[in-house]
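A.B. asks: Below is one structure. I have some questions about it.
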Amino acid sequence: MDIYIQSRGFEQDYDYRWLQVGNDGSIQPKLPPIGLTVPSLIDRETPTVVLERLMDNQLLLLLTGLEPKGRVDFLDRQIRIAMAWVGATADEPLLRSLAAAALIDEDYHPLVEQLNQAVCLGGNYGFQVSLPEMQRLVTVIRNPQQLSNQPPTLTPKIGRNIAKLRHELAKELRTCHLPPTSGILLVVTGIKKPEALQEAGVWRSLSTLVEGESWQDLSPQPGFLPANFQEGIRSKNPLIWLMVLISILSYWLASLLKLLSSQKDT
Amino acid sequence: MPKELNITMLGASGVGKTTLLTSMYEQFEATSRQANLHLKPDIETAAILERYLAQLKSLTYEFKADERTKGIRGTLAVAGPESLPSYRFDLGLNDKKDDLRLQFRDYPGGYILPSDVAGRRFVQKMLRECAAVIVAIDTPALMELNGRWHEVRNKPDEIMTLFKTAYQKLDEPKLVILAPVKCETYMQDEVSANNLIKQIQEKYAPLLEFFQEPRRADKIAVVTTPVQTVGCVVFLKIEVENLNQPRFYFRKTSFDAKYSPQDSEQLLRYLLRFLLKVYIQNRNWSMFNVVRELFNPDAQLKQAVEQFAQGCKTNGGFAVLQGKSLLTL
């Protein structure tokens with residue numbers, strides 16, 4: 078699984094940047110493969126959780142707006158940290174578990190405390206990452222409770238970003254696997270227009286701009302339906318009809334040629 | 002869809018780009034209303050800038066720099082430069098639909114450094130594409146101890162290199178606003194304000210000479226608009242702390258002094274005056290020029306430009322250093 082950290086150093090010249098943490102603990106500047114739509118769906122100033130299934134079927138978990146206490150820059154401004162994990166399908170249980178843990182911890186307290194140990198000021202980029210501490214962080218925040226793998230309810234839902242709905246969403250993540258579709262599956266953030274989240278076809282979204290205290294069902298976007306739902310759509314694909322037509326014509330031509338050659342022989 | 006005009010902030014990390022944008026936002030409505038215009042932010046722009054405004058208003062009596070942990074945090078990009086948000090405002094005449102959309106671009110100040118290749122490329126793109134550039138200048142760094150911390154804080158050489166690359170060949174007119182911020186201490190009287198202009202002309206001399214080269218002189222307007230971004234503070238002292246880092250301390254003018262930015266509307270006046278002028282001149286009427294003259298549809302916009310021009314200060318630290326003709330109809 079690939080791990081990325083975004084933060085900044087104390088000094089003026091070490092501004093915010095993403096670093097990839099290699100398996101050997103080495104770090105290099107590199108952006109995580111976050112889809113271009115994601116930034117337009119999150120509030121950069123508040124703690125945010127995003128789950129996205131990428132085109133190559135990898136799964137991305139993004140946590141932003143983490144604020145370790147007392148970590149300030151040269152102007153005494155609070156330094157923020159963001160983390161991204163990118164894993165294969167086999168890593169889905171771990172990523173679901175981490176996302177659920179982040180959702181139920183108000184302001185991510187245990188996570189931020191661990192992160193404060195794993196990401197230190199200093200080094201070539203103004204901050205550095207300790208791989209053993211990062212691995213320890215995963216084991217600490219990962220809920221030991223056994224995950225189950227029930228099929229998810231596919232209807233997209235949206236709600237207000239309040240503790241009750243975050244807890245319900247965490248429970249759902251622990252109980253059900255994620256929808257198999259690619260795209261942004263989950264966004265929990267601050268100020269964000271509900272229409273934007275709906276248009277993006279997010280499976281589960283929470284925003285402070287949504288009214289009410291319960292989940293609202295949304296109609297699925299065309300691209301959201303899972304593979305088995307798309308059989309009907311595929312049958313309407315003109316390319317498939319063209320291929321069927323070519324097959325029939327080829328069969329018919331082959332039969333005709335066979336018939337003609339047999340008549341010639343007689 | 003209204004026509005879009007882009008404005009970019011420019012400056013090193015921590016000089017006050019976002020603070021300047023926020024203090025300008027506070028004046029948008031009042032300034033535009035004076036010229037019978039409305040300037041309306043979209044819902045997310047308003048929500049974010051209102052949050053920054055609240056953070057600026059929460060300043061304590063004595064503080065380092067102009068921000069504390071409660072204050073405005075540094076800008077970051079979630080997924081690289083292209084993922085940075087725009088602050089959008091629709092501008093129009095009060096009784097008509099919106100004519101123009103103003104998009105302000107802000108980004109992490111670290112982008113101006115050569116060490117951030119992608120970020121620097123993004124800033125150069127912004128400079129090429131944006132009609133106006135607002136260069137935020139940390140004034141205490143420029144003025145105190147004979148500008149000892151100016152190079153370190155404001156990075157004029159990096160600013161110069163960026164302009165040199167982006168403004169090599171100009172097709173469209175540009176407005177460059179040199180905006181000294183946190184300048185309350187240096188705007189007490191005409192003499193100190195003039196000294197501020199003198200220091201800007203001296204410390205940014207190579208940049209100003211580049212703008213004045215004959216091949217681009219008629220395409221660039223340069224103005225200085227000092228903005229007291231907080232209004233209720235004065236510079237206190239500089240202390241050099243760990244890692245040879247200067248720390249600038251400020252204090253409020255009185256314990257209960259409230260956030261009261263000064264002259265941020267001046268920056269906006271110069272900006273709107275230039276943008277509206279460019280907009281009016283660039284309208285493609287071609288063969289319909291006769292009809293245009295007959296109905297004079299731009300009369301109200303022209304009037305707005307003139308009103309902005311009348312209200313623009315030209316002394317006390319404010320000056321048009323170059324390209325006056327680009328600001329007048």
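Protein chains in written order, with our numbering: chain A, 78 to 343; chain B, 2 to 330. For each residue, glycine too, the CB sits at the ideal point set by N, CA and C.
Please report the straight-line C-alpha distance between residue 268 of chain B and residue 178 of chain B, rounded to a whole angstrom.
C.D. replies: Rounded to whole angstroms, residue 268 of chain B to residue 178 of chain B spans 8 Å at the Cα level.
A.B. asks: What number of angstroms, rounded off, separates the C-alpha of residue 224 of chain A from the C-alpha of residue 247 of chain A?
C.D. replies: Computed Cα separation, rounded: 11 Å.
A.B. asks: Distance, Cα to Cα, residue 86 of chain A vs residue 273 of chain A?
C.D. replies: Each residue's alpha carbon lies about 33 Å from the other.
A.B. asks: Go to residue 149 of chain A, then tell me how far its alpha helix (DSSP H) extends in each direction, as first and last residue.
C.D. replies: Where residue 149 of chain A is concerned, there is no enclosing alpha helix (DSSP H), given that its DSSP letter is neither H nor E.
A.B. asks: So, at 7 Å on beta carbons, what are the nonlocal neighbours of residue 165 of chain A in its own chain, with the 5 sequence-adjacent residues on each side left out?
C.D. replies: Result list for residue 165 of chain A: 135, in chain order.
A.B. asks: Confirm, please, whether the CB-CB distance from residue 20 of chain B to residue 182 of chain B is below 8 Å.
C.D. replies: Going by C-beta atoms, residue 182 of chain B is nearer than 8 Å to residue 20 of chain B.
A.B. asks: Residue 48 of chain B CB to nearest chain A CB: under 8 Å?
C.D. replies: Taking Cβ atoms only, chain A reaches closer than 8 Å to residue 48 of chain B, which makes this a yes.
A.B. asks: Less than 6 Å between C-beta atoms, sequence neighbours within five positions excluded: which residues of the same chain meet that for residue 154 of chain B?
C.D. replies: Answer for residue 154 of chain B: 139 and 142, listed in chain order.
A.B. asks: Could you tell me whether the Cβ of residue 246 of chain B comes closer than 8 Å to any Cβ of chain A?
C.D. replies: It does: the Cβ of residue 246 of chain B has a partner Cβ on chain A nearer than 8 Å.
A.B. asks: Output, in sequence order along the chain, the residues in the stretch 91 to 116 of chain B whose CB is closer than 7 Å to any CB in chain A.
C.D. replies: For the stretch 91 to 116 of chain B, which is checked against every Cβ of chain A, the residues closer than 7 Å are 109, 110, 111 and 114.
A.B. asks: What are the boundary residues of the beta strand (DSSP E) that includes residue 276 of chain A?
C.D. replies: Here residue 276 of chain A belongs to no beta strand (DSSP E); instead the alpha helix (DSSP H) covers 271 to 276.
A.B. asks: Does the beta-carbon distance from residue 295 of chain A to residue 234 of chain A come in below 8 Å?
C.D. replies: It is a contact, given that the beta carbons lie within the stated cut-off.
A.B. asks: Name the DSSP bridge partner or partners of residue 233 of chain B?
C.D. replies: Residue 233 of chain B pairs with nothing; no bridge assigned.
A.B. asks: In angstroms with no decimal places, state the Cα-to-Cα distance between residue 39 of chain B and residue 231 of chain B.
C.D. replies: Between residue 39 of chain B and residue 231 of chain B, the C-alpha separation is close to 25 Å.
A.B. asks: Taking the alpha-carbon of residue 218 of chain B as reference, which of B:145, B:93, B:174 and B:104 has the nearest alpha-carbon?
C.D. replies: Of the listed residues, the one whose Cα sits closest to residue 218 of chain B is B:174.
A.B. asks: Is there a Cβ from chain B that is less than 8 Å from the Cβ of residue 92 of chain A?
C.D. replies: It does: the Cβ of residue 92 of chain A has a partner Cβ on chain B nearer than 8 Å.
A.B. asks: Could you give the C-beta distance for residue 143 of chain A and residue 157 of chain A, rounded to a whole number, given that I count them as a contact under 8 Å?
C.D. replies: With a Cβ gap of about 6 Å, residue 143 of chain A and residue 157 of chain A count as contacting.
A.B. asks: When you compare only the Cα positions, how much space is there between residue 246 of chain B and residue 223 of chain B?
C.D. replies: Residue 246 of chain B and residue 223 of chain B: Cα-Cα distance of roughly 32 Å.
A.B. asks: Using a Cβ-Cβ cutoff of 7 Å, what residues of the stretch 15 to 38 of chain B are near chain A? List them in chain order.
C.D. replies: Those would be 15, in chain order.
A.B. asks: Who are the near neighbours of residue 206 of chain A in its chain, counting only those whose CB is closer than 7 Å to its CB and skipping five residues on each side?
C.D. replies: Counting only Cβ-Cβ distances below 7 Å, and skipping sequence neighbours, we find 82, 96, 98, 104, 195 and 196.
A.B. asks: Please name the residue, chosen from A:173, A:107, A:291 and A:119, that lies closest to residue 239 of chain A on a Cα-to-Cα basis.
C.D. replies: When each option's Cα is compared against that of residue 239 of chain A, the closest is A:291.
A.B. asks: If I'm right that residue 197 of chain B touches residue 187 of chain B with Cβ under 8 Å, what's the distance once you round it to whole angstroms?
C.D. replies: Sure, about 5 Å apart at Cβ, within 8 Å.
A.B. asks: Is residue 119 of chain A close to chain B, meaning its C-beta is less than 8 Å from at least one C-beta of that chain?
C.D. replies: By this cut-off, residue 119 of chain A is an interface position.
A.B. asks: What residues of chain A sit near residue 137 of chain B, judged by a beta carbon separation below 8 Å?
C.D. replies: Under the 8 Å cutoff, chain A gives no residues; its nearest Cβ is about 13 Å from residue 137 of chain B.
A.B. asks: Where do the ends of the beta strand (DSSP E) carrying residue 130 of chain A lie?
C.D. replies: From DSSP, the beta strand (DSSP E) with residue 130 of chain A extends over 125 to 130.
A.B. asks: Keeping to the same chain, check which residues put their C-beta closer than 8 Å to that of residue 262 of chain B; ignore five residues upstream and five downstream.
C.D. replies: Closer than 8 Å at the Cβ level, and outside the excluded window around residue 262 of chain B, lie 24, 27, 28, 228, 229, 230, 231 and 232.
A.B. asks: Among A:326, A:332, A:329 and A:93, which one has its Cα closest to the Cα of residue 203 of chain A?
C.D. replies: Comparing Cα positions, the closest option is A:93.
A.B. asks: Beta-carbon separation of residue 156 of chain B and residue 13 of chain B under 8 Å?
C.D. replies: Cβ distance < 8 Å, so residue 156 of chain B and residue 13 of chain B count as in contact.
A.B. asks: From the DSSP output, in three-state form, read off residue 250 of chain B for me.
C.D. replies: It is a strand residue.
A.B. asks: Check whether the Cβ of residue 154 of chain A lies closer than 8 Å to any Cβ atom in chain B.
C.D. replies: It does; some Cβ of chain B falls within 8 Å.
A.B. asks: Along the chain, where does the alpha helix (DSSP H) containing residue 217 of chain B start, and where does it finish?
C.D. replies: Here the alpha helix (DSSP H) through residue 217 of chain B covers 215 to 218.
A.B. asks: Chain B partners of residue 141 of chain A, CB-CB under 7 Å?
C.D. replies: Ordered by position in chain B, the residues that pass the 7 Å Cβ test against residue 141 of chain A are 79.
A.B. asks: Between residue 125 of chain A and residue 209 of chain B, what straight-line distance do the alpha-carbon atoms span, to the nearest angstrom?
C.D. replies: If I take the Cα positions, the gap works out to 44 Å.
A.B. asks: Taking beta-carbon pairs under 8 Å, can you tell me which members of the stretch 138 to 172 of chain B lie near chain A?
C.D. replies: Residues passing the 8 Å Cβ filter: 153 and 154.
A.B. asks: Establish whether the CB of residue 1 of chain B and some CB of chain A are separated by less than 8 Å.
C.D. replies: Limits of chain B in this structure are 2 at one end and 330 at the other, which puts residue 1 of chain B out of reach.
A.B. asks: To the nearest angstrom, report how far apart residue 1 of chain B and residue 120 of chain A are at their CA atoms.
C.D. replies: The question about residue 1 of chain B has no answer here: the residues shown for chain B are numbered 2 through 330.
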